[in-house]
Each structure stands twice: as C-alpha cells, then as structure tokens.
Ligand SMILES: [Zn+2]
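Residue numbers (our numbering): 5 to 253.
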C-alpha cells in the first residue's frame with residue numbers, strides 16, 4: 005500500500021519507527037506532505053533522505069498569512085522543484101479561513117500556475133468552498149490534481165473539467181456507510197481513487213491510538229472494498245498503481 009498523504013513532521017514519534025511500522029503493515033511508500041515554509045525545508049533536509057518516502061512542497065491555505073511573501077515561496081519551490089513529487093498541499097479553506105479568502109486564492113492560483121509551468125501534479129485541500137474551487141481549478145484542467153480528504157458529493161467530481169482529476173479518501177470515511185461522500189466513493193471511476201491517512205489526523209474507526217500514522221491506511225482500503233464490493237487486494241493494487249503513476253514514484 006501507498007499512503008499518499010501524511011504529515012510525518014506532526015507525529016510525536018521517531019520517524020524511522022513510524023516508517024518501519026508502516027512497512028511492517030504493508031505500507032511500502034509514504035508521500036510526506038508540506039503545509040508551510042518550515043515543513044518544506046524539513047522535507048528537503050530530512051524526509052527526502054528517508055527510504056520509501058517522497059516529499060511535496062506547497063503552502064496550505066491555513067498557512068497563508070499577510071506576512072508570508074509569495075515571491076519567497078515561489079523561489080523556494082523553484083529552487084527545489086526536482087525534489088518534489090507534487091505541489092501541495094494547496095487550496096482553499098473557507099471553514100477556518102473565512103477572514104483570509106482573497107489571499108488564499110492568490111496563493112492557490114500562483115501555486116497552480118507554478119505546477120502547470122513545471123508539469124507537476126498538485127494535492128488540493130478543499131473545505132467549504134466548492135463553488136470557488138470549481139471556478140479556479142477548471143481553469144487548470146490540464147494540471148493533474150488530487151482532491152485530498154474528499155468530503156463532498158459526486159456532483160463536484162462530475163463538474164471538474166478534463167481527465168486529470170483524482171480523489172483520495174482518509175479515515176474519515178470509515179465512520180460512514182452512506183451519505184454524499186460514500187456515494188462519491190461508490191461512483192468515481194476506480195482508476196481515479198487513492199488512499200491516504202492525513203496522519204496524524206483522522207484516525208480510522210476502530211483504531212485506538214493518540215495520533216494516526218501511515219500504518220493504518222489499510223482501513224481506508226478495506227472500507228472502499230466493502231462499499232464497492234471488491235476484494236481488499238484489488239483495492240490496494242489499483243490505488244497503488246494510480247498513486248505510482250500520479251506521483252511518478
Ligand atoms: Zn494534509
């Protein structure tokens with residue numbers, strides 16, 4: 005299995021131990037996702053050197069502040085672009101960032117344009133912003149995108165233009181057997197799905213730990229298998245192939 009989205013730098017355990025436990029559980033690769041400038045630098049200096057680990061670079065919408073210089077962000081991304089398997093996570097968050105929407109959009113669009121210029125896929129964080137999100141991403145239909153921690157309906161996926169759109173599910177889905185997100189899980193083409201933990205957040209149902217970690221990503225695969233009436237093996241095979249091709253790993 006591949007955990008396509010984790011924040012190892014936010015887990016309060018030794019990273020080698022975390023990755024070893026993941027490997028033991030059958031998780032042979034982890035995509036370590038940046039959220040701000042300090043985590044981009046840690047990715048480059050620490051996580052890029054770890055086995056079975058790929059890194060991304062990008063500014064999360066809730067890490068966007070007036071004092072953050074967009075030029076500096078783009079210069080850092082540009083200097084290390086070859087090290088990143090994706091630009092992310094980037095996006096919009098109108099639930100917790102309502103006071104900051106205009107600046108979030110500027111950072112989001114600039115990083116999308118950067119990804120386009122460098123032919124990199126993007127990892128998108130999208131919360132309570134479906135309409136603005138669609139208006140923006142449909143101007144970048146040629147950029148490969150994964151909507152991480154997918155939390156909206158199937159209609160959103162259908163409204164995305166182009167054939168470069170992917171979605172990934174977290175442990176959040178393991179708490180539901182019906183509803184709009186589960187309906188999307190059932191309907192989105194299998195070759196557009198990926199699995200992720202978003203560790204240390206979103207502990208899957210039935211896992212009794214203080215913080216989530218990549219070793220638990222199989223619970224999401226099992227839930228997709230149950231909902232789509234497929235075997236667990238088929239889900240982990242197909243989502244891994246999709247992740248390998250999406251991130252070129
Ligand atoms: Zn995340």
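Where is the CB? At the ideal position from N, CA and C, for every residue including glycine.
For residue 124, count the other beta carbons within 10 Å of its own beta carbon; 16 or more makes it buried, fewer makes it exposed. Which is it?
Result: buried.
Would DSSP call residue 161 helix, strand or coil?
The answer is helix: DSSP assigns residue 161 an H, G or I state.
Go ahead and pull the three-state DSSP assignment for residue 19.
In this structure, residue 19 counts as helix in the three-state DSSP scheme.
How would you write the range of the beta strand (DSSP E) that residue 173 sits in, first residue to last?
From DSSP, the beta strand (DSSP E) with residue 173 extends over 169 to 173.
Go through its chain and collect everything with a Cβ distance to residue 54's Cβ below 7 Å, but skip five positions before and after it.
So the qualifying residues of the chain are 19 and 23.
Are the beta-carbon atoms belonging to residue 133 and residue 200 less than 9 Å from one another?
The answer is no: Cβ separation not under 9 Å.
How would you write the range of the alpha helix (DSSP H) that residue 79 sits in, first residue to last?
In the DSSP assignment, residue 79 falls within the alpha helix (DSSP H) that extends over 74 to 83.
Cut-off 8 Å between Cβ atoms - residues of its own chain near residue 229, not counting five sequence neighbours on either side:
Within the same chain, residue 229 has close Cβ partners 235, 236, 238 and 239.
Closest by CA to residue 1, which one among 39, 26 and 224?
The displayed coordinates of the chain run from 5 to 253. Any statement about residue 1 would go beyond what the structure contains.
From what residue to what residue does the alpha helix (DSSP H) around residue 226 run?
Segment 222 to 232, the alpha helix (DSSP H) holding residue 226.
Buried versus exposed call for residue 212 [16 or more other C-beta atoms within 10 Å across all chains shown]:
Its Cβ having fewer than 16 others within 10 Å, residue 212 is exposed.
Under 9 Å between C-beta atoms of residue 210 and residue 178
In this structure, residue 210 sits near residue 178, with a CB-CB distance shorter than 9 Å.
So is the beta-carbon of residue 37 under 8 Å away from any non-hydrogen atom of ligand 1?
Indeed, a heavy atom of ligand 1 lies less than 8 Å from the Cβ.
Beta-carbon spacing of residue 190, residue 231 below 9 Å
Contact flag set, yes.
Count the other CB atoms, across all protein chains shown, that sit within 10 Å of the CB of residue 36; report buried if there are 16 or more and exposed otherwise.
By the 10 Å Cβ count, residue 36 comes out buried.
Do residue 180 and residue 158 come within 9 Å of each other at the CB atom, strictly closer than that value?
With contacts defined by Cβ atoms closer than 9 Å, residue 158 and residue 180 do not form a contacting pair.
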